[in-house]
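*Asks:* Here numbering that gives the first Met the number 0 is used: position 236 in the sequence shown is 235, and no number is missing along the way.
Just so it is clear, CB atoms sit at the ideal spot from N, CA and C, and this is done for glycine as well.
Mind looking over this structure? Questions follow.
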Amino acid sequence: MSFRVTWDNLLDNVEELPADATLLTPLSRKPFHITDVQQHRVLIEYQADSETVPLQREQFETLFERVVDATGSFDLDRLPPGAEPYATVMSLHPRFTIDDRDGTLSESETPTASPLVDAHTVEQDDGPREEPDISVYADALLLIDALEQHDVTSLTELDVPTLVNLYTLLSDVQRNANDLRQEVRGVLLDRLHHDQPVSGQYGSVQRAVRRNRTLKDDETVLELLEGEGIDPERVMTVDTSKLDDALEVTSLSESDV
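The following block contains the structure:
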């Protein structure tokens, strides 16, 4: 199928979206809305910014060619800065499937719904809510009730039983919230890509990379420092934190030591 036919079909699918549909960029998870569909471009607006951003037909064609040339799946990490919305909008076409877990866009013979489109906003969700059967929820409700009954801005005026209740509830909420946080973290780590910040309604997270540093033996380090004019007799011990300070005043790199 030529890109001209693909583009026409894509515009038809975009126009069928509800006006309040929220879309997400595949890697950074930034929410945005489609504000207008024109013959040669699609206009979007990020939820956190009122500025209109045009997505040009020519750039969609470039993405189309990259996916076709990939003969499998196109790695979204290869997208240039600011191009994530193109992949999300392209996934509205029934022939293209986006995998937000693996971070890929690929051709598909079977039409699938894009996982990055929410056709209904939170404000319009009037259905009944069910109380989750998790400890932190029940503890949080008890804590909220206690906070509403007592003025915690003046703790010194509260009696001992009330303070004990508050402390116990706060401890329970902290413990159970941290347990749930660790579970969420485990799932979230599988969906984050290459240290890119991911935004949600209440904040953003970023996958950190930790480096384990191991010092070389003391004799090697002392010899290198002596070569830089630092008297070994002045060095009481080789300590990682102190060594960082020494590296700042020498030509040595971290990898040298």
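(1) Between the stretch 126 to 140 and the stretch 92 to 104, are three or more C-beta pairs nearer than 8 Å?
(2) Apart from the five residues on each side of it in sequence, which residues of its chain come closer than 6 Å, Cβ to Cβ, to Arg3?
(3) Would you say the stretch 135 to 148 touches the stretch 160 to 174, given that touching needs at least three Cβ pairs under 8 Å?
(4) By the 10 Å Cβ neighbour count, where 16 or more other Cβ atoms means buried, how is Gly202 classified, buried or exposed?
(5) Please classify Arg180 as buried or exposed, where buried requires at least 16 other C-beta atoms within 10 Å of its C-beta.
(6) What did DSSP end up calling Leu42 once you bin it into helix, strand or coil?
(7) Tell me the DSSP secondary structure of Ser49 in three-state form.
(8) With Ile97 as the anchor, note down where its beta strand (DSSP E) starts and where it stops.
(9) Can you pull the DSSP bridge partners for Phe31?
(10) Where Val36 and Asn12 are concerned, what is the direct C-alpha to C-alpha distance, given to the nearest angstrom?
(11) What residues in its chain sit with their C-beta under 6 Å from that of Arg190, if we drop five residues either side in the sequence?
(12) If you run the structure through DSSP and keep just helix, strand and coil, what is Ser203?
(13) Would you kindly work out how many angstroms separate the C-alpha atoms of Gln148 and Leu165, rounded to a whole number?
(14) Helix, strand or coil: which one does DSSP assign to Thr103?
(15) If I follow the unbroken alpha helix (DSSP H) through Ser170, where does it start and stop?
*Replies:* In short:
(1) Verdict: no, contact absent.
(2) Cβ neighbours of Arg3 within its own chain (closer than 6 Å, five residues either side excluded): none.
(3) The stretch 135 to 148 is in contact with the stretch 160 to 174.
(4) With fewer than 16 other CB atoms across the displayed protein chains lying within 10 angstroms of its CB, Gly202 is exposed.
(5) Arg180 should be labelled exposed.
(6) Judged by DSSP in its simplified three-state form, Leu42 adopts strand.
(7) The answer is coil: DSSP assigns Ser49 none of H, G, I, E or B.
(8) Run containing Ile97: 95 to 98, per the beta strand (DSSP E) assignment.
(9) BP columns for Phe31 point to Leu22, Tyr45.
(10) Cα-Cα distance, rounded: 10 Å.
(11) So the qualifying residues of the chain are Arg100.
(12) In this structure, Ser203 counts as strand in the three-state DSSP scheme.
(13) Within the model, the alpha-carbon separation for Gln148 versus Leu165 is close to 11 Å.
(14) In the structure shown, the three-state DSSP call for Thr103 is strand.
(15) Where Ser170 is concerned, the enclosing alpha helix (DSSP H) stretches over 159 to 188.
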